[in-house]
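Q:
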Amino acid sequence: MKLDKIESKIAVLPIDNVDTDQIIPARYLKSISKEGLGEGLFRDWRFNEDGTPKPDFVLNKPEAKGVQILVAGDNFGCGSSREHAPWALVQSGIRAVISTSFADIFKGNALKNQLLPVVVPADAHKELLNSPWAAVKIDLPAQTLTLPSGRVVNFPIDSFAKQCLVEGIDELGYMLQQEPAIAAFEAKRTGPVNTLQS
Amino acid sequence: MKPRTIVEKIWDTHVVAEKPGAPTLLYIDLHLVHEVTSPQAFSMLRERGLKVRRPDLTIATMDHSTPTTSRELPVLDPVGKAQLEQMSNNCKEFGIPLYDLKSSKQGIVHVMGPEQGLTQPGMTIVCGDSHTATHGAFGALAFGIGTSQVGHVFATQCLLQTPSKSYAIRVDGALKPGVTAKDIILAVIAKIGIGGGTGCVFEYLGSTIRSLSMEERMTICNMSIEGGARAGLVAPDDTTYQYIHGREFAPKGADWDAAVARWRQLPSDHDAEYAHALTLDASELEPMVTFGTNPGMGIPISASIPDPASVSDPIEKSDLVKALKYMDLQPGKPLKGHPINVVFVGSCTNSRISDLRAAASVIKGRKVNPKVRMLVVPGSMQVKKQAEAEGLDKIFREAGADFREAGCSMCLAMNGDQLEPGEYSVSTSNRNFEGRQGKGGRTFLASPLTAAASAITGVVTDVRTLL
Chain A
4 MKLDKIESKI AVLPIDNVDT DQIIPARYLK SISKEGLGEG LFRDWRFNED GTPKPDFVLN
64 KPEAKGVQIL VAGDNFGCGS SREHAPWALV QSGIRAVIST SFADIFKGNA LKNQLLPVVV
124 PADAHKELLN SPWAAVKIDL PAQTLTLPSG RVVNFPIDSF AKQCLVEGID ELGYMLQQEP
184 AIAAFEAKRT GPVNTLQS
Chain B
55 MKPRTIVEKI WDTHVVAEKP GAPTLLYIDL HLVHEVTSPQ AFSMLRERGL KVRRPDLTIA
115 TMDHSTPTTS RELPVLDPVG KAQLEQMSNN CKEFGIPLYD LKSSKQGIVH VMGPEQGLTQ
175 PGMTIVCGDS HTATHGAFGA LAFGIGTSQV GHVFATQCLL QTPSKSYAIR VDGALKPGVT
235 AKDIILAVIA KIGIGGGTGC VFEYLGSTIR SLSMEERMTI CNMSIEGGAR AGLVAPDDTT
295 YQYIHGREFA PKGADWDAAV ARWRQLPSDH DAEYAHALTL DASELEPMVT FGTNPGMGIP
355 ISASIPDPAS VSDPIEKSDL VKALKYMDLQ PGKPLKGHPI NVVFVGSCTN SRISDLRAAA
415 SVIKGRKVNP KVRMLVVPGS MQVKKQAEAE GLDKIFREAG ADFREAGCSM CLAMNGDQLE
475 PGEYSVSTSN RNFEGRQGKG GRTFLASPLT AAASAITGVV TDVRTLL
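If you're matching them up, the sequences are chains A and B in order. Numbering of the first sequence is given in my numbering, commencing with residue 4 and proceeding in unit increments. Numbering of the second sequence is given in my numbering, commencing with residue 55 and proceeding in unit increments.
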């Protein structure tokens, strides 16, 4: 799978520190596969006790149909290491999240699942927060985001992660090719290895 | 040579390959595995026809979906049961040692590792769990990873990593009675916020940290992620070596002497530079308790609940309003004295023997308030056995508390131990996110001492009034 350009309306979730327990509650983590996690996405914010949707929640609004980009407050994805969080977002059609910052583990997990974490400066973020359902453009190769006003801002991304996304490089495949280096490292190692063989 | 931090020293000895345009390929010494974040990684191995490259550096336990009822009883939740069975099958198929529900070594992965002597200074340690930083208490670089990376470590024993920034957290001064390691870390997180350490590794320094036991250091390192840092560590010292010595997987004989000599080289050079720094005076701390829906929303026990009217940033303000609404709390009022329904003593933060001793010291000779349900969940079967040997189980049971089998339990409520909607708990765990301990449940994070004191009175309590 490759990822280069995304054009979509934005759904705005103006909440800081959206944690992974909100993105997908722990009770959805008993699955042994990746399937069906979309139904757990923001479960307790999206649905009432009786399973009916909460009409006020942003992703339940009629405008949210087909939305591929979520704009959220600072420090999105804090909390647990559950990769179920990006899985649930991707299975719900979200391809990019825009914020001023992301929690480290979430960001790494997102990048491994073709979900693009886009970090923008505060002024661009403010414009996005004030423009619900406006259309924006993300150009990953150029690392640019075109705001609703037409202004273009750059966003940072790790160069290797970008290459993997744009060219569809399989990260594990890349690592497996380095087997000779791994074997050589182990052969000359005198440090704290073989702990379980004592 | 440029002065280096302990993290830089560990990093330098684990570089397998560095190529232009790519992150460093970093070797992993120990991979801990549990049932929740591993099944999809094992499936990936099967799909690609791969093996676990170093099953001898990999070890698994059951903790998250694990019932804390008697091990003689069947697992009632069919989905949880299937996940545990899958874990057994995966470990058998790929040759990974597993401490299952019948094992005397089973326990929360971050309690089990140190207790078995698996966790050692200078190691790189990973686990599909954000609280892996716990092992940093031993001067190891330990951090949580996602399931894709669990697969990467299975297949290659390596990870692609870029270095984090260094963040020195210096704590000096003597703790007052009733103030604990948990209060230190809650105070740190309240100060920097839950995103304050994003992109960083914490190194805890200072005389207070040096004076702490290994279990106290584990409590502090455990919650590094709640300050946004993937890892947090304490340089090893004699306290560290004494803890490790003689444990099952610890080096023995001449290997031990060699290991200690190596470990003594690890502490950061005195003139090493840090990207960020924070200092804290431990003597000024009170017992801490959280009032809101993230671990950064903490206050000293004598303080009032913050008022959104005093916050200028609009999102911050609305987040505080949202948190207080969820918690059904009034700004400006004290949290002390607020009625509670449940007390949970457990989790990878505070379920070790010293935590149980601390809680028992308050409970002893008293009764749990009839309005309160108190759960004491040892972090491992070894902790449970030790607690029973010391008669702590009797103290808890005679007071009216429930003393259970080992697991993560009500920290994340995956195993049936959970709050009912609207209930308030004082919990020794690490997260107070909405619904974390059960849908609609409300969590006040605190130390084992504060939790035990609150269990007695039925309200959020300053333990110093009961000491």
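For each residue, glycine too, the CB sits at the ideal point set by N, CA and C.
Do B/P74 and B/A326 count as a contact pair if the criterion is CB distance below 7 Å?
A: Along the second sequence, read from residue 1 onward, the residue named residue 326 of chain B stands at position 272. Along the second sequence, read from residue 1 onward, the residue named residue 74 of chain B stands at position 20. No. Outside cutoff.
Q: Counting along the chain, where does the beta strand (DSSP E) carrying B/C275 start and finish?
A: Taking the second sequence and counting its residues from 1, one reaches residue 275 of chain B at position 221. Segment 268-276 is the alpha helix (DSSP H) holding B/C275; no beta strand (DSSP E) there.
Q: In chain A, which residues lie with their C-beta within 8 Å of the C-beta of B/N348?
A: The residue you call residue 348 of chain B lines up with position 294 of the second sequence. Those are N20, D22, C81, listed as they occur along chain A.
Q: Is the Cβ-Cβ distance between B/V522 and B/H392 less than 7 Å?
A: With chain B running from 55 to 521 in the structure shown, residue 522 of chain B is simply not present.
Q: Measuring CB to CB, does A/K12 end up less than 7 Å from A/V70?
A: Along the first sequence, read from residue 1 onward, the residue named residue 12 of chain A stands at position 9. Along the first sequence, read from residue 1 onward, the residue named residue 70 of chain A stands at position 67. Yes, they are a contact pair.
Q: Based on Cα-Cα distance, which residue from B/P151, B/K390, B/G171 lies nearest to B/Q436?
A: Against the second sequence, residue 436 of chain B aligns to sequence position 382. Ranking B/P151, B/K390, B/G171 by Cα distance to B/Q436 puts B/G171 first.
Q: Please classify A/R154 as buried or exposed, where buried requires at least 16 other C-beta atoms within 10 Å of its C-beta.
A: What you label residue 154 of chain A is simply residue 151 of the first sequence in a count that begins at 1. Flag for A/R154 reads exposed.
Q: I'd like to know whether the C-beta of A/A29 is nearer than 7 Å to at least one C-beta of chain B.
A: If you number the first sequence from 1, residue 29 of chain A lands on position 26. Closer than 7 Å to some Cβ of chain B, the Cβ of A/A29 qualifies, so yes.
Q: Determine the DSSP secondary structure at B/Y380, reduced to helix, strand or coil.
A: In the second sequence, counting from the first residue as 1, residue 380 of chain B sits at position 326. Correct three-state label for B/Y380: helix.
Q: Can you look up B/S481 in the DSSP assignment and give me helix, strand or coil?
A: In the second sequence, residue 481 of chain B corresponds to position 427, counting from 1. In this structure, B/S481 counts as strand in the three-state DSSP scheme.
Q: One question on the structure: do B/Q215 and B/L80 come within less than 7 Å of each other, judged by their Cβ atoms?
A: Sequence index remark: in the second sequence, residue 215 of chain B carries index 161 (1-based). Sequence index remark: in the second sequence, residue 80 of chain B carries index 26 (1-based). Contact flag set, yes.
Q: Beta strand (DSSP E) containing B/M342: first to last residue?
A: For this step, residue 342 of chain B is matched to residue 288 along the second sequence. Unbroken beta strand (DSSP E) run through B/M342: 342-344.
Q: Short of 8 Å in beta carbon distance, which residues of its chain neighbour B/A76, apart from the five on each side in sequence? Order them along the chain.
A: Counting from one through the second sequence, the residue named residue 76 of chain B turns up at place 22. The residues are L214.
Q: Check whether the Cβ atoms of A/S95 and A/F79 lie closer than 7 Å to each other.
A: Taking the first residue of the first sequence as position 1, residue 95 of chain A is located at position 92. Taking the first residue of the first sequence as position 1, residue 79 of chain A is located at position 76. No, these two residues do not count as a Cβ contact at 7 Å.
Q: When the Cβ atoms of the segment 399-411 of chain B are set against those of the segment 436-453 of chain B, are three or more pairs found closer than 8 Å?
A: Yes, they touch.
Q: What are the residues in the segment 95-110 of chain A lying within 7 Å of chain B by C-beta distance?
A: Here the close residues are S104, A106, D107, I108.
Q: Which residues of the segment 463-481 of chain B have a Cβ closer than 8 Å to any Cβ of chain A? Give them in chain order.
A: Result list: L466, A467, M468, P475.
Q: Could you check where the beta strand (DSSP E) with A/T147 kicks off and where it finishes?
A: In the first sequence, residue 147 of chain A corresponds to position 144, counting from 1. Counting along the chain, the beta strand (DSSP E) containing A/T147 begins and ends at 147-149.
Q: Could you tell me if A/P58 is buried or exposed, where buried requires 16 or more neighbouring beta carbons within 10 angstroms of its beta carbon?
A: Counting from one through the first sequence, the residue named residue 58 of chain A turns up at place 55. Exposed: under 16 other Cβ atoms inside 10 Å.
Q: Checking 7 Å against the spacing of the C-beta atoms, do B/G232 and B/G282 come in under that value?
A: Start at 1 with the first residue of the second sequence, and residue 232 of chain B comes out as number 178. Start at 1 with the first residue of the second sequence, and residue 282 of chain B comes out as number 228. In this structure, B/G282 does not lie closer than 7 Å to B/G232 by Cβ.
Q: Under three-state DSSP, which class holds A/N157?
A: In the first sequence, the residue the question calls residue 157 of chain A occupies position 154. Of the three classes helix, strand and coil, the one that applies to A/N157 here is strand, per DSSP.
Q: Hey, could you find the ends of the beta strand (DSSP E) A/Q181 is sitting in?
A: Stepping through the first sequence from its first residue, residue 181 of chain A is reached at position 178. Run containing A/Q181: none; DSSP gives neither H nor E here.
Q: Taking 7 Å as the CB-CB cut-off, is A/E86 touching chain B?
A: Sequence index remark: in the first sequence, residue 86 of chain A carries index 83 (1-based). Yes, its Cβ sits closer than 7 Å to a Cβ of chain B.
Q: Closer than 7 Å, CB to CB, is A/L118 near chain B or not?
A: Counting from 1 along the first sequence, the entry for residue 118 of chain A is found at position 115. It does not; no Cβ of chain B falls within 7 Å.
Q: Residues of chain A with a CB under 9 Å from the CB of B/L214: which are they?
A: Numbered from 1 along the second sequence, position 160 holds the residue referred to as residue 214 of chain B. What B/L214 touches in chain A: F163, E174, Y177, M178.
Q: Please report how far the alpha carbon of A/E10 lies from the alpha carbon of A/I72, in whole angstroms.
A: For this step, residue 10 of chain A is matched to residue 7 along the first sequence. For this step, residue 72 of chain A is matched to residue 69 along the first sequence. Rounded to whole angstroms, A/E10 to A/I72 spans 8 Å at the Cα level.
Q: So with CB distances below 9 Å, who are the chain B contacts of A/N112?
A: Against the first sequence, residue 112 of chain A aligns to sequence position 109. The contacting residues are I199, G200, T201, S202, Q203.
Q: Where does A/S201 sit, in a helix, a strand or coil, going by DSSP?
A: Within the first sequence, residue 201 of chain A is the residue found at index 198, counting from 1. Note that A/S201 scores a pLDDT of 38, beneath 50, so its modelled location is shaky and nothing firm can be said.
Q: According to DSSP, what are the bridge partners of B/F498?
A: Start at 1 with the first residue of the second sequence, and residue 498 of chain B comes out as number 444. Paired residues: B/V480.
Q: Please give the ranges of any beta strand (DSSP E) in the segment 70-152 of chain B, keeping only runs that are unbroken, at least 3 residues long and fully inside the region.
A: Whole beta strand (DSSP E) segments, 3+ residues: 78-81, 84-87, 112-115.
Q: Between B/L383 and B/I359, which are expected to be in contact by the criterion C-beta below 8 Å, what is the C-beta distance as a whole number of angstroms?
A: As a first step, residue 383 of chain B must be located in the second sequence, where it is residue number 329. As a first step, residue 359 of chain B must be located in the second sequence, where it is residue number 305. With 8 Å as the limit, B/L383 and B/I359 qualify as a contact, their Cβ atoms being about 5 Å apart.
Q: Would you mind stating whether B/V165 and B/G433 have Cβ atoms separated by less than 7 Å?
A: Locating residue 165 of chain B in the second sequence gives position 111, counting from the first residue. Locating residue 433 of chain B in the second sequence gives position 379, counting from the first residue. Yes, Cβ-Cβ distance for B/V165 and B/G433 is below 7 Å.
Q: Using 10 angstroms around the beta-carbon of A/A138, count the other beta-carbons present and answer buried if the total reaches 16, otherwise exposed.
A: By one-based count along the first sequence, residue 138 of chain A stands at place 135. Label assigned to A/A138: exposed.
Q: Measuring only between beta-carbons, confirm whether B/H206 sits less than 7 Å from chain A.
A: Looking up residue 206 of chain B in the second sequence gives position 152. Taking Cβ atoms only, chain A reaches closer than 7 Å to B/H206, which makes this a yes.
Q: Comparing alpha-carbon positions, which option in A/A106, A/P89, A/I108, A/D107 lies nearest A/A99?
A: Taking the first residue of the first sequence as 1, we reach residue 99 of chain A at position 96. Cα-wise, what sits closest to A/A99 is A/P89.
Q: Which residues in chain B have a C-beta closer than 8 Å to the C-beta of A/P17? List them in chain order.
A: To locate residue 17 of chain A, count along the first sequence from 1; it is residue 14. Going along chain B in sequence order, the residues near A/P17 (Cβ under 8 Å) are I369, S372.
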